Every structure is written in structure tokens, then in C-alpha cells.
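Encoded as C-alpha cells, the structure appears first; notes follow it.
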Amino acid sequence: MSHPVLPASGTFGYGEEFEPFLPPGTFSAIVPKSISVEVRSGNPPPRAVETPAGLLNSIGLQNPGLDQFLDSYLPILQSYGVPILVNVVGRTIEEYCTVVEALEGQPLVEGYELNVSCPNVKEGLRFGLDPQATASLIRAIRPLTDGVLMAKLTPNVTDIAEQAVAAEEAGADAISVINTLRAMAVDWRTGKSRIGTETGGLSGPAIRPIALRMTMEVCRLVNVPVCAIGGICSAQDILEFISVGASLVQVGTHLYREPTCLPGILDELRELLASEGMDSLEALRGNFDGDRDRLPDRQRPVP
Ligand SMILES: Cc1cc2nc3c(=O)[nH]c(=O)nc-3n(C[C@H](O)[C@H](O)[C@H](O)COP(=O)(O)O)c2cc1C
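In our numbering, the protein residues as written are 17 to 319.
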């Protein structure tokens, strides 16, 4: 990859919505909106509401389904010329497998981000809340592909690192953290939710400190690369996540505010590294000097 920044699934459509703003291939790889076997119409509107420093959404995994993705959207994504990491969602292990099998061998489909973490549909969380279920899913998909398998985890658990370790041990090549946090917004006059469902998923800067903490916890315990997601808006934000050990990042909600932000972020990233005398992110990765007594041995800084 030419740089570490990808778009977060569901905030970038299938790339085509971004064409008026910047060439979608400016991202180092593309993670499209989740794809399921069947067409999904999603949740009732309103589907999004702004909250302090954040966005509460309840899209409900609306997507065109596998067949239409293959016919209409994948060719558009392929035209951007960068790797595609297809975000997959299903109700059963078999459904995830069907999507992966159908996409194997497609040009530029370099791997899959398995969404085991959507808070807005009941079945989306079934895998993500149980480390053993997550592991079973990854074990079933692993033999189907030599491509990159990323497990996208939910923050709506007590111990996200436990989920990450289960995913790594089952064969995941990378971990993506985090999906949205279950949250709600209420209109007290009407006594109704401000979105079409009772609860939704919170994203944006409001969740960044939580995402940072969870990224640190996951990076301490797994050896595979971690792709950090959650409220990232700037080069400074990216460097914080790299500092706690992330290898890649995804920008999501910020793309709604500033769809053309990427070139500026990349320039600033280079400038900030240069100002510290660094020529690569490797020099910074994992430099966070946390609570040493709590670090596993392999993460302890060399005295
Ligand atoms: C409107 C919207 C739709 C989303 N749809 C998906 C999705 O289809 N699949 C998925 O894995 N994550 C989805 N997400 C979660 C994002 O990919 C990301 O994990 C989350 O928003 C946190 O990052 P952010 O704060 O940078 O937006 C969606 C987020 C938003 C705001």
C-alpha cells in the first residue's frame, strides 16, 4: 500500500459517490459498504442524526446484495485501480462463505473485512459478541481464500482484546477496530427516538478516545496488523493511533464533513513525521510508553 489510510466501510458507498470530490483511488485501498448475499433495504428513516462531536446512525446494512454488487458495483470499484477489501456481512457462517467464494479471483479483490460488529441489526452482533463464534466464522472462511482476512470487531463488549485474540488464533490476518458504539438520541417532547430505531451506532470524534484505548488493548495482545477506526479526522489523530501500535487507519464519519480531506491529511502526515526527524511510520509505531507493569513481555520497551 502506498500509504496507511483507507475509507471506513459504509461511509464511502462503493466509491462512485466520491468521484465528484476526489479520485477514489487516492485511498491506498478501498473498503466498500458491507455486502450480504441478499438485498437489504435497511432500517426505517430517519437513519442518521448529529450528536455532540458525533453521528448516530441506524442504516441497518442496506446494500444491493451479492449479485448486483458483482454486476454493477465491483466493476466501478475495480476501475479505481487500488486493492479492494470487501466488507462482508451475513446471518450465518454459510452466507459469509457464499460472498467470499463468489468474489475469489476477482481482479483487485485482495481480501475481506468481515463485519462481525454492526450494532444496528440483531444478527450483526451475534458473531462479534462471542469470541468462539467469531473464531468459528474465521476458521470456516480461512480455507476459502489466500487473500487478506480482516476481522472488524465491535466495541460493544467488555473485553475487545479477547475477541481480537480469538480472531487471530482462528487465522485472521488483521484486526479492524472499532465499529460504532451502541447509543441513542431521544426527543423528550415526543418521547420518541430521533432515529428510526430505538438505538443506533455512534461514530465520529466523540468515539475517538474510546477507539484509541481499544486499539491499544488489541495491539498489546495480537501480533497481526491492526487497522484503527473511530473518529479519525487528521494526521495528528492518525499518529496517535500509530503510537499505540496501529498499522493502518480508516477514516469514516469525517468524510461526510470533508470528503476531500485525504490529500491534506497525507501531506500533514509527512510534514509531522519529518518535523520529528522520522521518514516512516515504522519509526513511531508502538512508541506509546504506557503502564509498563501491565504490558505483556514482548511489548516491554527494551531497557
Ligand atoms: C453511516 C454509516 C454507515 C456504516 N456502515 C457500515 C457498514 O456497512 N459496515 C461496517 O463494517 N461498518 C459500517 N459503519 C462503521 C464505520 O465503518 C466505522 O467503523 C465507524 O463509523 C467508526 O469510524 P468513524 O468514527 O471514523 O466513522 C458505518 C458507519 C456510518 C457512520
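The C-beta atom is built at its ideal place from N, Cα and C for all residues, glycine as well.
Owing to the predicted nature of the structure, the values given are computational and were not obtained by experimental measurement.
Query, Result
"According to DSSP, residues forming a beta bridge with Glu66", "Leu71"
"Cβ contact check for the segment 196-205 and the segment 60-76: 3 or more pairs under 8 angstroms", "yes"
"Any non-hydrogen atom of ligand 1 within 6 angstroms of Ala24 CB", "yes"
"Selection from Val21, Pro61, Ala64, Tyr128 that minimises the alpha carbon distance to Ser52", "Tyr128"
"Buried/exposed call for Asp203, threshold 16 Cβ in 10 Å", "exposed"
"Rounded distance between the beta-carbons of Val265 and Phe257, thought under 8 angstroms", "6 angstroms"
"Closest Cα partner of Thr161 within the set Phe85, Val173, Leu101", "Leu101"
"Nearest to Thr276 (by Cα), restricted to the options Pro68, Gly97, Val21, Phe34", "Phe34"
"Candidates Cys249, Leu278, Gln84, of which the one nearest His270 by Cα", "Cys249"
"Simplified DSSP state of Ser291, which is helix, strand or coil", "helix"
"For Glu120 and Asp313, the rounded distance between their alpha carbons", "Residue confidence is low: Asp313 scores 48 on pLDDT, short of 50, so the model does not pin down where it sits. No coordinate-derived value is stated."
"Residues of its chain near Asn303, where Cβ-Cβ distance is below 7 angstroms and the 5 sequence neighbours each way are ignored", "Ser259"
"Asn239 burial status per 10 Å Cβ neighbour count (16 or more: buried)", "exposed"
"Expected contact under 8 angstroms - CB spacing of Val115 and Val104 to nearest Å", "5 angstroms"
"Pro61 versus Ser209: straight-line alpha-carbon distance, rounded", "11 angstroms"
"Unbroken stretches of the alpha helix (DSSP H), 4 residues or longer, contained in the segment 36-112", "81-84, 90-94"
"Nearest-angstrom Cβ-Cβ length linking Glu284 and Ala251, presumed shorter than 8 angstroms", "4 angstroms"
"Delimiting residues of the beta strand (DSSP E) encompassing Ala244", "242-245"
"CB-CB length for Lys168 against Ser192, believed under 8 angstroms", "4 angstroms"
"Pairwise C-alpha distance: Thr174 and Ser44", "32 angstroms"
"Whole-angstrom distance between Gly306 and Pro317, CA atom to CA atom", "Residue placement at Pro317 cannot be trusted, given a pLDDT of 42 that sits under 50; what the coordinates show is reported in the next sentence. Rounded to whole angstroms, Pro317 to Gly306 spans 10 angstroms at the Cα level."
"Gly127 - DSSP class collapsed to helix/strand/coil", "strand"
"Limits of the unbroken alpha helix (DSSP H) element including Pro23", "From DSSP, Pro23 is part of no alpha helix (DSSP H) but of the beta strand (DSSP E) over 21-23."
"Thr276 Cβ short of 6 angstroms to ligand 1 heavy atom set", "no"
"Lys49: CB within 6 angstroms of a non-hydrogen atom of ligand 1", "yes"
"Residue(s) in a DSSP beta bridge with Ser259", "Partner(s): none; Ser259 has no beta bridge."
"Chain C within 7 angstroms of Leu165, Cβ atoms only", "This model lacks chain C altogether, as it is built from one protein chain only."
"Gln315 versus Leu300: straight-line alpha-carbon distance, rounded", "Because the pLDDT of Gln315 is 46, which lies under 50, any placement of that residue in the model is unreliable, and the number read from its coordinates should be weighed accordingly. The alpha-carbon atoms of Gln315 and Leu300 are separated by roughly 14 angstroms."
"Gly280 - DSSP class collapsed to helix/strand/coil", "helix"
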